[in-house]
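Residue numbers (the numbering used here): 1025 to 1727. Glycine is no exception: its CB is placed at the ideal position from the N, C-alpha and C atoms.
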């Protein structure tokens, strides 16, 4: 009889996870999910004789209490140092026989460490969703019914494999973490100053209380930028034209560094200054609010060596020693890098640089961590001819199974590889050859669709999001209390209704999917006279209703699901994602290079249409079209529009500067500082962290 357990107490956010999670869907906004602390999770599986990636449990702060319905062999790891079996202490990292009727309690994570793991011999059995058993809570799929465990749930395991249980040494947890990082892909002198990059790596950061599986915010010094704004990408210097993030990427959203977690977004519009190497990402899962973090830049060679040690450890090779190896990691000592990547933490040299040639724009291939490369084409500006070339490049590389993820951005392409079969330098050669062989985009015809979507301007849920932000995040933000009025002002429009008129008149070209998860489109107006430009929230919202419509920089986004966000909101539309486990149709309803049109409806009518789409009773209104490069390059004269917009931008910037001066003068008493400047109220290392610490989404680097 295979093992089974009844959930008596679910614990906090206890979910079924596996490894490596979902792959191949990052380009449409589906994160990998999976066990965040892959080291503790994989070692627990090793102990009970499972493959390292077999499905098990992950819990935050407080683990579950389970009654065994049959005999089983289990192992607890991670922060489960208070686990008991019928009240008797359980030793982490050891195989523990459990008899039918006994009660296994993983207990509280008293610290150090935050997440507890449980492996059951045979591995937990749950339906596979989009290729994985991993739970993605925000998306509501995977794991046990797409949710955290609840009282009364029954979990089943599969048949045991041939490997016998054995104990393993576990890494020692701490409140002081060193995270090895590969600098870049963005950096000095284009984005941050040389001093700013040096400070990023010299600072001791604190883990913000807003830290969860979407990302970990870091509290510390404000970045020093090398520019005053992001141009068409947004008014803040952290803003860039939408580009994909790797898991472990340290995006800087506004002035806040955020490390992307396994449930984080794949695409957004913020600078990525460094990427945590794969061997150290497990530490992020165990870092508690208030813990100290240092970012240690290492060479790509050191990153590769550390990752190879990490793989070997999970595979059962316990004879690892040397820098970053088992002797250091399992003794609780933070591994020391052998050398810095370059002095001051500068980026490694580009993997490839191809100069412009006639109409063909320049191309740069840079490391984005240890197994990702970021390909960027042309200058840092919106150019739909460049966007088409990126799309063609992605198509030329498709089918190479050594490239495991490909995410198209506005002028970029993020590629993830199996680096043992396709090292990043070899990938760069592959990209360069494909770039040179691309056809002239003027000869290309794309089969696309025109999609008409309803939109409720001033939808009540959108105003609720604005109100929540003003009351709970930043009451003095210039876009409060009304995002639409802010858009009107910053674009020099006469009436608030002009914003709605432009959105409903525009034809929007989808230039990215997965902007804030699950097939969410990022789109740009084809007619330059419709290109409203705004800045993104700083800091971002902690809540956005599903399918809200917002504008950030020059781009429009439809939010794929409820979650955090930063675009200025104008309305709400119907779902762009519909997951049906019994259907063979992809759950993302929009495609790259769809042309979107919005038709205004009342909020009441939108509620009816939303219900119909969500239930599968109706779909999006589409018709096929053929697109050519000439169709994408609107030649309308936008001189007057852009001049008025530039004047309004300058006036808004002056207004911000005046407000900042007034605030600095008034900030005599700490109580008068704005919400963004308030100190972090973090728990002391070793003390229980309140459940509220994980209740707020952490990811700032979203649309």
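Contact check, residue i vs residue j, beta carbons under 8 Å
i, j, result
"residue 1441", "residue 1428", "yes"
"residue 1534", "residue 1602", "no"
"residue 1286", "residue 1045", "yes"
"residue 1599", "residue 1564", "no"
"residue 1575", "residue 1558", "yes"
"residue 1521", "residue 1581", "no"
"residue 1310", "residue 1138", "yes"
"residue 1266", "residue 1239", "no"
"residue 1464", "residue 1435", "no"
"residue 1180", "residue 1149", "yes"
"residue 1595", "residue 1486", "yes"
"residue 1651", "residue 1375", "no"
"residue 1082", "residue 1059", "yes"
Beta bridge counterpart(s) of residue i as assigned by DSSP
i, result
"residue 1089", "1033 and 1129"
"residue 1101", "1141"
"residue 1581", "1546 and 1574"
"residue 1027", "Per DSSP, none; premise fails for residue 1027."
"residue 1267", "1292"
"residue 1277", "1280"
"residue 1040", "1081"
"residue 1477", "1622"
"residue 1591", "Answer is none; residue 1591 lacks a bridge partner."
"residue 1646", "1475"
"residue 1378", "1387"
Which of helix, strand or coil DSSP assigns to residue i
i, result
"residue 1603", "coil"
"residue 1201", "strand"
"residue 1554", "helix"
"residue 1467", "helix"
"residue 1616", "coil"
"residue 1331", "helix"
"residue 1391", "strand"
"residue 1228", "coil"
"residue 1262", "coil"
"residue 1586", "coil"
"residue 1326", "helix"
"residue 1446", "coil"
"residue 1167", "coil"
"residue 1369", "helix"
"residue 1682", "helix"
"residue 1217", "coil"
"residue 1249", "strand"
"residue 1152", "coil"
"residue 1121", "strand"
"residue 1484", "helix"
"residue 1236", "strand"
Buried or exposed (CB count within 10 angstroms, at least 16 for buried), residue i
i, result
"residue 1728", "There is no way to answer for residue 1728, as the model of the chain reaches only from 1025 to 1727."
"residue 1089", "buried"
"residue 1377", "exposed"
"residue 1178", "exposed"
"residue 1607", "exposed"
"residue 1683", "exposed"
"residue 1121", "exposed"
"residue 1542", "buried"
"residue 1034", "buried"
"residue 1379", "exposed"
"residue 1484", "exposed"
"residue 1077", "buried"
"residue 1172", "buried"
"residue 1731", "Residue 1731 lies beyond the residue range present for the chain, which begins at 1025 and ends at 1727; the question has no answer from this structure."
"residue 1466", "exposed"
"residue 1025", "exposed"
"residue 1568", "buried"
"residue 1605", "exposed"
"residue 1383", "exposed"
(request) Decide if the segment 1521–1539 is in contact with the segment 1236–1253; the criterion is three or more beta carbon pairs, one per stretch, under 8 Å apart. (result) no
(message) Closer than 8 Å is the cut-off here; do at least three beta carbon pairs connect the segment 1152–1169 with the segment 1039–1056?
(response) yes
(request) Please confirm if the segment 1661–1673 is in contact with the segment 1499–1516, defined as three or more CB-CB distances below 8 Å between the two stretches. (result) yes
(request) Could you say if the segment 1209–1218 and the segment 1099–1119 meet the contact criterion of at least three C-beta pairs nearer than 8 Å? (result) no
(message) Measuring CB atoms only, is the segment 1183–1191 touching the segment 1069–1077, in the sense that at least three cross pairs come out at less than 8 Å?
(response) yes
(message) For the segment 1410–1419 against the segment 1250–1259, do three or more pairs of beta-carbon atoms, one drawn from each stretch, fall closer than 8 Å, so that the two count as touching?
(response) no
(request) Report yes or no: do three or more beta-carbon pairs, one from the segment 1230–1238 and one from the segment 1395–1408, lie closer than 8 Å? (result) no
(request) Say whether the segment 1046–1055 touches the segment 1082–1101, bearing in mind that this needs 3 or more beta-carbon pairs closer than 8 Å, one atom from each stretch. (result) no
(message) Any contact between the segment 1294–1314 and the segment 1195–1206? By contact I mean 3 or more CB pairs, one from each, below 8 Å.
(response) yes
(request) Specify whether the segment 1195–1204 and the segment 1306–1320 touch according to this definition: at least 3 beta carbon pairs, one from each stretch, less than 8 Å apart. (result) yes
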